[in-house]
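Data block below; observations after.
In the working numbering, the protein residues as written are 68 to 477.
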């Protein structure tokens, strides 16, 4: 989807039959599915097609009475505007409005009257932040995109896994239609309050990490420990398990990982079905999470074996994700790690030694223990053990020397 440059002014009417504005969702075959992602619903609106792109002018938001009632309940407003009218009322060019809608992931509905006062207000707010100099235009688009992507996934999950189960008719003779509306009416304010609460807590935590950075460069490019945890033999499992069983396994894996990462002070960056990516500010935290994951999965007979790769170094953060050579190295280490084991890079091993979480070698640990005993002192206590592995070439990163990390008693 790209912006139609012929409608760049907020006050210029589009030509007769113009397709500029927001159109229906791709691959939509029913009016009900169009409603779920049109800007008049919880999803919103998107971008204008270029002049030479064919647009299906029959695409319209649904006229289903229940869908419209639910839409009005969730949005708290009636449909009033076409995309062009909404942009003009907000005092925003159609081009910029389309960029915002596209960034938020809203589907194109042509020039149907499907937008509300809330859509107008959202445009004014984003444009106002740009006009006031608080955000640049690219940054405002990025804010729209990150918010849209995150909330879209949340909304899909809530509908697929939450509301779908709860809207089963509780009594014979009742339809799902009769159950859905009052249920949404009860849940909506509670879920909204909870969403804002969690977002504020996460924002406070993220802000705290940024302001504690050593310098301005560290606010974006920071030194972190990055770990991948990967289920072994997942491709074979997909052929053997039924779809429902596979979905339950993936959900259990992601839930277990999310809980352990959060409980031990890490941050879950993203889940990829059979793999999770997490980060931690220090090597000791990342190491503890990795071993806890291995130990927990090993104790669960329903779970396949797990392997983990961790690297330590400079990481670029963007829109909640992490990028860079350190992330690539952690991914490569995971692919060569033995099952139920953790492989780390040299920088990570050095960091564990520097912080006293692991000895440089077992010989050094023995010497330190003997010296402490001679002085009548407690010997050093190390949490982790490191075993150097054979150097090997890693695709795209040259030759690396991985270390096998394990838990160490005493």
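Even for Gly, the Cβ is constructed at its ideal location relative to N, Cα and C.
When you compare only the Cα positions, how much space is there between residue i and residue j?
{"i": "residue 247", "j": "residue 154", "result": "33 Å"}
{"i": "residue 467", "j": "residue 461", "result": "7 Å"}
{"i": "residue 451", "j": "residue 410", "result": "12 Å"}
{"i": "residue 139", "j": "residue 186", "result": "13 Å"}
{"i": "residue 225", "j": "residue 431", "result": "53 Å"}
{"i": "residue 445", "j": "residue 434", "result": "13 Å"}
{"i": "residue 388", "j": "residue 306", "result": "31 Å"}
{"i": "residue 420", "j": "residue 427", "result": "6 Å"}
{"i": "residue 195", "j": "residue 172", "result": "21 Å"}
{"i": "residue 448", "j": "residue 412", "result": "22 Å"}
{"i": "residue 358", "j": "residue 380", "result": "20 Å"}
{"i": "residue 321", "j": "residue 142", "result": "31 Å"}
{"i": "residue 257", "j": "residue 149", "result": "31 Å"}
{"i": "residue 351", "j": "residue 271", "result": "23 Å"}
{"i": "residue 336", "j": "residue 385", "result": "11 Å"}
{"i": "residue 390", "j": "residue 368", "result": "34 Å"}
{"i": "residue 356", "j": "residue 378", "result": "13 Å"}
{"i": "residue 201", "j": "residue 209", "result": "14 Å"}
{"i": "residue 464", "j": "residue 316", "result": "33 Å"}
{"i": "residue 152", "j": "residue 274", "result": "38 Å"}
{"i": "residue 158", "j": "residue 205", "result": "19 Å"}
{"i": "residue 347", "j": "residue 334", "result": "6 Å"}
{"i": "residue 310", "j": "residue 304", "result": "10 Å"}
{"i": "residue 266", "j": "residue 259", "result": "11 Å"}
{"i": "residue 131", "j": "residue 261", "result": "30 Å"}
{"i": "residue 268", "j": "residue 429", "result": "43 Å"}
{"i": "residue 395", "j": "residue 250", "result": "45 Å"}
{"i": "residue 178", "j": "residue 161", "result": "12 Å"}
Along the alpha helix (DSSP H) that carries residue i, what are the first and last residues, could you check?
{"i": "residue 224", "result": "204-224"}
{"i": "residue 152", "result": "150-157"}
{"i": "residue 301", "result": "301-307"}
{"i": "residue 390", "result": "Residue 390 -> not in any alpha helix (DSSP H); beta strand (DSSP E) instead, spanning 388-390."}
{"i": "residue 171", "result": "161-171"}
{"i": "residue 370", "result": "Looking at the DSSP string, residue 370 is not in any alpha helix (DSSP H), and its letter there is neither H nor E."}
{"i": "residue 435", "result": "429-441"}
Taking the beta strand (DSSP E) that residue i falls in, what are its first and last residues?
{"i": "residue 139", "result": "Careful: residue 139 lies outside any beta strand (DSSP E), inside the alpha helix (DSSP H) at 132-142."}
{"i": "residue 49", "result": "Because the chain spans 68 through 477 in this model, residue 49 falls outside it and cannot be assessed."}
{"i": "residue 192", "result": "No beta strand (DSSP E) contains residue 192, which is instead part of the alpha helix (DSSP H) from 184-198."}
What are the partner residues of residue i, as DSSP defines its beta bridges?
{"i": "residue 344", "result": "295 and 337"}
{"i": "residue 376", "result": "295 and 410"}
{"i": "residue 454", "result": "471"}
{"i": "residue 446", "result": "Its beta-bridge partners do not exist; DSSP assigns none."}
{"i": "residue 461", "result": "465"}
Counting only the same chain and skipping the five closest in sequence on each side, list residues whose C-beta sits under 6 Å from that of residue i.
{"i": "residue 19", "result": "Past the edges of the chain, shown from 68 to 477, lies residue 19, and the structure says nothing about it."}
{"i": "residue 164", "result": "154 and 190"}
{"i": "residue 297", "result": "342, 374 and 401"}
{"i": "residue 193", "result": "167 and 207"}
{"i": "residue 188", "result": "none"}
{"i": "residue 436", "result": "446"}
{"i": "residue 211", "result": "167, 170 and 171"}
{"i": "residue 290", "result": "381"}
{"i": "residue 424", "result": "351, 450 and 451"}
{"i": "residue 319", "result": "none"}
Tell me which same chain residues have a C-beta within less than 7 Å of the C-beta of residue i, skipping the five on either side of it?
{"i": "residue 405", "result": "374"}
{"i": "residue 438", "result": "none"}
Please list, in chain order, all residues of the same chain as residue i whose beta carbon is under 8 Å from its beta carbon, the five residues on each side excluded.
{"i": "residue 456", "result": "410, 468, 469, 470 and 471"}
{"i": "residue 478", "result": "There is simply no residue 478 to check, as the chain begins at 68 and stops at 477 in what is shown."}
{"i": "residue 252", "result": "140"}
{"i": "residue 440", "result": "446"}
With a threshold of 8 Å between beta carbons, is residue i in contact with chain D?
{"i": "residue 170", "result": "Absent from the structure is chain D; it holds one protein chain and no more."}
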